[in-house]
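Visitor: The structure that follows is given in the form of structure tokens.
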Amino acid sequence: MGRWGEGLFEGDHDLDEASYISEDAGIELYHYEIDEKDPESLGKGLAATRAHLNNGVLDRLFEQYSVKANTDDENSWGNEKLRLVILAALAMRVGATISSKYMDLLRTSYTQIHVSPKYSLPLADSNFRAPGKVQFETALRLYKNDGTPYSFDVARCAAVGCGKAHDDLDDGKKLLRCGKCKVASYCGKECQTAHWKEHKRVCKTPAQVEADLRRSSGPYVMLNV
């Protein structure tokens, strides 16, 4: 399985899960937008997809998957619980309503999923990386659950407890990128300073990241970085 990033939906596993869940839901959930140029497109549009989930389908899937998630033993890496996370993320992307019962379930379930190290052999990859975990933590805290779609694709402030996106900032302000790694974003100096103690442990220049990747992979660069 390949991986091109460490966030949600940035690996083949997550997209495969999205496909399985879409089949169970009876509607395309990841590529939900209508593609008028592609007659074979399965997307029904944001509003129709949200309405479909809100018509009892989302609750049914949460109930179905939560039963399996509860069978994960203490030695499991939480793969069934990860399916709950992917389901929730798909629902959030279209603004579907997640009942308080399942929001509570999600707040406990995601913490029990094994987080893989940055470089993992494919067979030892749980497909849940630290950036993806932070993404989901932020989504659980910021999701309005009122029909407003939530984006996992936009840059957000990396400071713990913040998570603001560009649209959340005052007019004229924009997110600032870490000058060293060019990856972490911040809504202001205050958040950047507060997060530095944690961020400095992983902050590396793009050249350092590439060098680490080559050392860990030998002469071959593995896809699941």
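The UniProt record's numbering numbers the first residue of the sequence shown as 1 and each following residue consecutively. From the three backbone atoms N, C-alpha and C, an ideal C-beta is built for every residue, glycine too.
Could you check how far apart the C-beta atoms of Leu-61 and Ile-34 are, in whole angstroms? I think they sit under 8 Å.
Guide: Leu-61 to Ile-34, Cβ: 23 Å. No contact.
Visitor: Using DSSP's beta-bridge definition, name the partner residues of residue 229.
Guide: Past the boundaries of the shown model lies residue 229; the chain is included only from 1 to 225, so the question cannot be answered.
Visitor: Over what stretch of residues does the alpha helix (DSSP H) that includes Leu-105 continue unbroken?
Guide: Where Leu-105 is concerned, the enclosing alpha helix (DSSP H) stretches over 100–109.
Visitor: DSSP state of Ala-165, grouped into three classes?
Guide: Three-state DSSP puts Ala-165 in a strand.
Visitor: Take every Cβ of the stretch 6–13, pair it with every Cβ of the stretch 49–66, and state whether three or more of those distances are shorter than 8 Å.
Guide: No, the stretch 6–13 does not touch the stretch 49–66.
Visitor: Do you know offhand how far Val-115's Cα is from Pro-131's?
Guide: Cα to Cα, the separation comes out at about 10 Å.
Visitor: Can you list, in chain order, the residues of its chain whose CB lies under 8 Å from that of Gly-45, leaving out five sequence neighbours each side?
Guide: Same-chain partners within the cutoff: Tyr-32, Glu-33 and Ile-34.
Visitor: Compare the Cα-Cα distances from Asp-153 to each of Glu-23, Ser-19, Glu-17 and Tyr-30 and report the closest residue.
Guide: Measuring from the Cα of Asp-153, the nearest candidate turns out to be Tyr-30.
Visitor: According to the neighbour-count rule (16 or more other Cβ atoms, all chains shown, within 10 Å of its Cβ), is Thr-108 buried or exposed?
Guide: Flag for Thr-108 reads exposed.
Visitor: Please classify Arg-129 as buried or exposed, where buried requires at least 16 other C-beta atoms within 10 Å of its C-beta.
Guide: Buried: at least 16 other Cβ atoms inside 10 Å.
Visitor: Could you give the uninterrupted runs of the alpha helix (DSSP H) lying entirely in the stretch 184–215, keeping only those of 4 residues or more?
Guide: DSSP runs (the alpha helix (DSSP H)) wholly in the stretch 184–215: 189–199.
Visitor: Using 8 Å for Cβ pairs, my map puts Ser-66 next to Leu-84. What's the rounded Cβ distance?
Guide: Going by Cβ atoms, the distance from Ser-66 to Leu-84 rounds to 7 Å, so yes, they are a contact pair.
Visitor: Put Arg-3 into one of helix, strand or coil per three-state DSSP.
Guide: Strand, per DSSP.
Visitor: Report the option in Leu-169, Cys-187 and Ser-151 whose CA atom is closest to the CA atom of Cys-157.
Guide: The shortest Cα separation from Cys-157 among Leu-169, Cys-187 and Ser-151 belongs to Cys-187.
Visitor: Grouping DSSP H, G and I as helix and E and B as strand, with all else coil, what is residue 284?
Guide: The chain is shown only over 1 to 225; residue 284 falls outside these bounds and no answer can be derived.
Visitor: Buried or exposed: where does Thr-138 fall if 16 or more other Cβ atoms within 10 Å of its Cβ makes it buried?
Guide: Classification for Thr-138: buried.
Visitor: Between Leu-223 and Gly-5, what straight-line distance do the alpha-carbon atoms span, to the nearest angstrom?
Guide: Note that Leu-223 scores 48 on pLDDT, short of 50, meaning its location in the model is unreliable; the coordinates nonetheless yield the value given after this. Cα to Cα, Leu-223 sits roughly 10 Å from Gly-5.
Visitor: Among the candidates Gly-172, Cys-178, Ser-151 and Asp-24, whose CA atom is the shortest distance from the CA of Thr-193?
Guide: Comparing Cα positions, the closest option is Cys-178.
Visitor: Near Val-209, what residues of its chain come up, given a Cβ to Cβ distance below 6 Å and the 5 sequence neighbours on each side ignored?
Guide: Excluding residues within five positions, none has a Cβ falling inside 6 Å.
Visitor: Alpha carbon to alpha carbon, what distance is there between Glu-198 and Ser-19?
Guide: If you take the alpha carbons of Ser-19 and Glu-198, they lie about 35 Å apart.
Visitor: Kindly indicate which three-state DSSP category Asn-127 falls into: helix, strand or coil?
Guide: If DSSP states are grouped into helix, strand and coil, Asn-127 belongs with coil.
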